[in-house]
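**Q**
Protein chains: 2
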Amino acid sequence: MENINLAIVEDDAVIRESLENFLAVHPSLKIVLIAKSMEEFLEAIKDASRPTLDLILLDIELPGMSGIQGIYHIRQKYPEVDIVMLTTFEEEDKIFNSLCAGACSYISKRTPLATIREAIFTVHRGGSYMSPSIARKIAQHFMPKERKEGEQLSVRQKEIVQGIVDGLSYKMIADKLDISIDTVRDHIKRIYRTLEVNSKAEVIRKSLEGEI
Amino acid sequence: MENINLAIVEDDAVIRESLENFLAVHPSLKIVLIAKSMEEFLEAIKDASRPTLDLILLDIELPGMSGIQGIYHIRQKYPEVDIVMLTTFEEEDKIFNSLCAGACSYISKRTPLATIREAIFTVHRGGSYMSPSIARKIAQHFMPKERKEGEQLSVRQKEIVQGIVDGLSYKMIADKLDISIDTVRDHIKRIYRTLEVNSKAEVIRKSLEGEI
DNA sequence: CCCCTGACCACATCATCATGTGGTTGAACC
DNA sequence: GGTTCAACCACATGATGATGTGGTCAGGGG
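These protein sequence lines are chains D and E, in that order. Residue numbering for the first sequence follows numbering that gives the first Met the number 0, beginning at 0 and increasing consecutively. Residue numbering for the second sequence follows numbering that gives the first Met the number 0, beginning at 0 and increasing consecutively.
Structural data, given as structure tokens:
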């Protein structure tokens, strides 16, 4: 296994040092940069002689710039680097914001050091590791949302919604389903009442977010 | 650790039996049902004395009904059961269709039996385990899509898009951004040209799918 | 048999959207 | 100092959308 060039951005001295001590002794891991904040990290990499980096362990709760903000900055300088979030917090929005920003792994700080090290190798091999509780939240994100009582759409109504989501006009939906445009209007009126919305925009959002 | 009542749905005899042999000897695992297809599984649970089930190991490539279709049927009978997909295929659409249908874990068949067993316990504790390559694909699903050359929106344009996605009318966007409604129109015209769309619906879809 | 419901259709009206043309201003760049 | 570009604004017109009222028809349930 070839060498992995690591950076660690973590403000908590205890965690930072235990990570450093544990990881540094592994022959395949080379810690090339350690910072206590994103600002310190960005300062360190800004000159021409910035180090080669394969993977970054990144805390979310940092003084100054947050880790999530940091992801964007990191990816500007190192578009190919793998970013592993390491954090005590498991709020859904932090998880999803991190992933949307470009993190490829999300690990709880309660995780044993050996598992974190394993995750580093896994990520470097092109895989990803998520802590079990995190992975569950991600899986749940895809699951069908529970419909509120009485918010069920009929089959026909769902076809209409699909047409709307596909960007079709009423006329086009009418042609596609081979019904009158007035019938389309009629369906949409009822759909709006059922979903308690009053514009195509909201229907599309609800649909795409799985709330149908 | 309390007992876990398991079901296995898998058509390949070799895999089915190796799973059975390996898992059955564990004192906390109780295999209460084994089926070669969804049809056989559904037949077995349809009478009144259907077994208690905590977790199902489910193959995707099954003769007759696919495992993904099977998820819907399983969740009708057992809404609370944890479903673990076990499959050789790692296509993105199979992964996401499974998760959207309600699976809470997705494991490659190449995974060692001991790891599969660990995953079962993890899932039963309320977590989830994804094979590394699967987890990576899921992480990538959230990542910012690469914009095609020349499809970048300006900051202002993104604010307009956000207004549209939020279901605001031009007038409301104008008020919110404190500009004229004609300026809003102007921005939207340019946004449409840049994104090569011609309706709010398509803008919303693109935005929600991360293509901005 | 009556009632209810989902799907179907028509007509009407006002609001909003899509699109065009034409213009100003200030910052950025060569 | 001329060019380019984002952001700003105005006016105009036809298309589309949102909502209401009113109606037919077929199927399921009391």
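Cβ atoms here follow ideal geometry from the backbone N, Cα and C, with glycine treated the same way. For clarity, every value in this text was computed on a predicted model and none was experimentally measured.
Compile a chain-ordered list of the residues in the segment 189–209 of chain D whose CB is closer than 8 Å to at least one CB of chain E.
**A** Listed by position along the chain: 196, 198, 199, 200, 201, 203, 204, 207, 208, 209.
**Q** Within the same chain, show all residues whose beta-carbon is closer than 8 Å to that of residue 136 of chain E, passing over the 5 residues directly before and after it, in chain order.
**A** Contacts found: 89, 91, 94.
**Q** Between the alpha carbons of residue 73 of chain E and residue 85 of chain E, how many angstroms are there, rounded?
**A** The alpha-carbon atoms of residue 73 of chain E and residue 85 of chain E are separated by roughly 15 Å.
**Q** Enumerate, from N- to C-terminal direction, the unbroken alpha helix (DSSP H) stretches of 4 or more residues contained entirely within the segment 31–84 of chain D.
**A** If we require 4 residues or more, the alpha helix (DSSP H) runs fully inside the segment 31–84 of chain D come out as 37–44, 66–76.
**Q** With a Cβ-Cβ cutoff of 8 Å, do residue 156 of chain D and residue 189 of chain D count as a contact?
**A** The answer is yes: Cβ separation under 8 Å.
**Q** Would you kindly check if the distance between the Cβ of residue 107 of chain D and the Cβ of residue 70 of chain D is under 8 Å?
**A** Cβ atoms of residue 70 of chain D and residue 107 of chain D: not closer than 8 Å.
**Q** So what does DSSP say about residue 8 of chain E, is it helix, strand or coil?
**A** DSSP places residue 8 of chain E in strand when its eight states are reduced to three.
**Q** At the 8 Å Cβ level, is residue 113 of chain D part of the contact set with chain E, yes or no?
**A** False, the Cβ-Cβ gap to chain E never drops below 8 Å.
**Q** Apart from the five residues just before and just after residue 191 of chain D, which ones in its own chain have a Cβ nearer than 7 Å to its Cβ?
**A** The answer, listed in chain order, is 197.
**Q** Quick one, are the C-beta atoms of residue 58 of chain D and residue 8 of chain D less than 8 Å apart?
**A** Result yes, Cβ atoms of residue 58 of chain D and residue 8 of chain D sit closer than 8 Å.
**Q** For a quick check, are the C-beta atoms of residue 55 of chain E and residue 97 of chain E less than 8 Å apart?
**A** Contact flag unset, no.
**Q** Residue 101 of chain E versus chain D: which residues are under 8 Å apart at the beta carbon?
**A** Residues of chain D passing the Cβ test: 142, 143.
**Q** For residue 123 of chain D and residue 102 of chain D, what's the separation of their Cα atoms in angstroms?
**A** Rounded to the nearest angstrom, the two C-alpha atoms are 13 Å apart.
**Q** Hey, could you find the ends of the beta strand (DSSP E) residue 106 of chain D is sitting in?
**A** Where residue 106 of chain D is concerned, the enclosing beta strand (DSSP E) stretches over 104–107.
**Q** The alpha helix (DSSP H) that contains residue 169 of chain D, what's its start and end?
**A** Note, residue 169 of chain D: alpha helix (DSSP H), 169–176.
**Q** By the three-class DSSP mapping on this structure, what secondary structure does residue 98 of chain D have?
**A** Helix.
**Q** So which residues of chain D does residue 64 of chain E contact, with C-beta pairs closer than 7 Å?
**A** Those within 7 Å of residue 64 of chain E in chain D number zero; the least Cβ separation is about 19 Å.
**Q** Verify whether the separation of the beta carbon atoms of residue 36 of chain E and residue 10 of chain E is less than 8 Å.
**A** Taking 8 Å as the Cβ cut-off, residue 36 of chain E and residue 10 of chain E qualify as a contacting pair.
**Q** Pull up the CB-CB distance for residue 43 of chain D and residue 28 of chain D, whole angstroms please, since I reckon it's below 8 Å.
**A** About 19 Å; that fails the 8 Å criterion.
**Q** Which of the residues in the segment 10–39 of chain D, read from start to end, lie with their CB under 8 Å from any CB of chain E?
**A** Going along the segment 10–39 of chain D in chain order, one finds no residue with a Cβ nearer than 8 Å to chain E.
**Q** Residue 202 of chain E to residue 205 of chain D, Cα distance in whole Å?
**A** Going by the C-alpha atoms only, they are around 15 Å apart.
**Q** Run down chain E in chain order and give the residues with a C-beta less than 8 Å from the C-beta of residue 50 of chain D.
**A** Within 8 Å Cβ-Cβ: nothing; residue 50 of chain D doesn't reach chain E, min ~24 Å.
**Q** Residue 121 of chain E touches chain D at which residues, Cβ-Cβ below 7 Å?
**A** By Cβ distance, chain D contributes 131.
**Q** Answer yes or no: does any C-beta atom of chain D fall closer than 8 Å to that of residue 98 of chain E?
**A** It does: the Cβ of residue 98 of chain E has a partner Cβ on chain D nearer than 8 Å.
**Q** Taking residue 127 of chain D and residue 138 of chain E to be in contact with their CB atoms under 8 Å, please state how far apart those CB atoms are, rounded to whole angstroms.
**A** 5 Å between Cβ atoms; contact.
**Q** When you compare the CB positions of residue 160 of chain D and residue 169 of chain D, do they come within less than 8 Å of one another, or not?
**A** Their beta carbons are not under 8 Å apart, which means residue 160 of chain D does not touch residue 169 of chain D by this criterion.
**Q** Show which residues of chain E have a CB atom less than 9 Å away from the CB atom of residue 164 of chain D.
**A** Under the 9 Å cutoff, chain E gives 200, 203, 204.
**Q** Where residue 119 of chain D and residue 177 of chain D are concerned, what is the direct C-alpha to C-alpha distance, given to the nearest angstrom?
**A** Cα to Cα, residue 119 of chain D sits roughly 55 Å from residue 177 of chain D.
**Q** Tell me the DSSP secondary structure of residue 152 of chain D in three-state form.
**A** Of the three classes helix, strand and coil, the one that applies to residue 152 of chain D here is coil, per DSSP.
**Q** For a test of the three-state rule: what should DSSP assign to residue 188 of chain E, helix, strand or coil?
**A** Of the three classes helix, strand and coil, the one that applies to residue 188 of chain E here is helix, per DSSP.
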